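Numbering (the numbering used here), first residue to last: 4 to 60. Ideal Cβ placement from N, Cα and C applies to all residues, glycine included. The model shown is predicted, which means the values in this text are computed figures rather than measured ones. Right, one structure below, let's go through it.
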């Protein structure tokens with residue numbers, strides 16, 4: 004695994020909005036295009052932001 008000296012990836016919810024994780028809540032975490040997707044039980048990703056494209060320009 005390659006470590007990066009850049010900022011940590013933002014954590015995004017299923018609607019593509021930045022969130023902070025809560026205590027005592029179970030999340031399924033997935034690394035995507037420049038962000039970490041945090042899904043709660045019975046949630047599916049609906050918006051797919053491509054943050055790598057935004058940061059490249």
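Which one or two residues does DSSP pair with residue i in a beta bridge?
| i | result |
| --- | --- |
| residue 33 | 40 |
| residue 15 | 21, 40 |
Does residue i pass the burial test, meaning 16 or more other C-beta atoms within 10 Å, or should it be called exposed?
| i | result |
| --- | --- |
| residue 15 | buried |
| residue 24 | exposed |
Taking the straight line between their C-alpha atoms, what separation do you get for residue i and residue j?
| i | j | result |
| --- | --- | --- |
| residue 30 | residue 38 | 15 Å |
| residue 27 | residue 42 | 14 Å |
| residue 44 | residue 10 | 28 Å |
| residue 40 | residue 33 | 5 Å |
| residue 1 | residue 19 | No answer is possible for residue 1: it lies beyond the span of the chain, which begins at 4 and ends at 60. |
| residue 35 | residue 46 | 16 Å |
Report yes if the C-beta distance between residue i and residue j is below 8 Å; otherwise report no.
| i | j | result |
| --- | --- | --- |
| residue 48 | residue 17 | yes |
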